[in-house]
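Those letters in the sequence shown? Residues 87 to 183, by our numbering. Backbone N, C-alpha and C define an ideal beta-carbon position, used for all residues, glycine too. Notes to accompany the following structure.
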Amino acid sequence: MAGFTVVTGALSARASQVDAVATAVGSAAGAVRRVDGGDLPPRTGAALAAALDAWPGGLRRLAAALHATAGRLRAGGHAYDGTDTSVAGAAGDGGPR
87 MAGFTVVTGA LSARASQVDA VATAVGSAAG AVRRVDGGDL PPRTGAALAA
137 ALDAWPGGLR RLAAALHATA GRLRAGGHAY DGTDTSVAGA AGDGGPR
């Protein structure tokens with residue numbers, strides 16, 4: 087019978103990395119808000135202003151999705167840990183209950 091091993095510590099470490107990226111993306115949303123186009127021709131200035139208005143919301147949504155992904159990675163690791171504990175307990179006690 088083939089088996090596999092899930093290294094839950096690696097899932098947790100990856101989740102922390104994803105959270106760090108999410109935080110950086112969220113910070114970028116604030117930085118975009120502070121961009122000033124200066125003295126641009128009217129059409130160029132309007133296009134830049136429209137882009138700058140749209141970007142922060144998109145970056146915040148991306149950051150939220152990344153934080154959710156990190157949460158799912160952690161939850162997956164906890165689920166595997168719980169399963170391993172249950173299987174080990176059942177094997178040690180003579181079988182499932």
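When the Cα of residue i is compared with those of the options, which residue comes out closest?
i, options, result
"valine 107", "Leu148, Ala161, Pro128", "Leu148"
"aspartate 125", "Gly163, Ala177, Leu134", "Leu134"
"valine 92", "Ala176, Gly175, Asp167", "Asp167"
"glycine 97", "Leu159, Ser172, Thr169, Ala174", "One point to set straight first is that residue 97 is leucine, not glycine, in the sequence displayed. For the residues Leu159, Ser172, Thr169, Ala174, the minimum Cα distance to leucine 97 belongs to Leu159."
"arginine 120", "Leu138, Leu152, Asp105, His153", "Leu138"
Would you mind sorting residue i into buried or exposed? The rule is 16 or more other CB atoms within 10 Å of its CB.
i, result
"glycine 144", "exposed"
"alanine 101", "buried"
List the whole-angstrom C-beta distance separating residue i from residue j, where the pair is believed to meet the contact cut-off of C-beta under 8 Å.
i, j, result
"threonine 94", "glycine 178", "That pair is no contact at about 20 Å."
"tryptophan 141", "valine 173", "Incorrect: roughly 48 Å between the Cβ atoms, too far for contact."
"glycine 175", "arginine 146", "Not confirmed; about 43 Å, so no contact."
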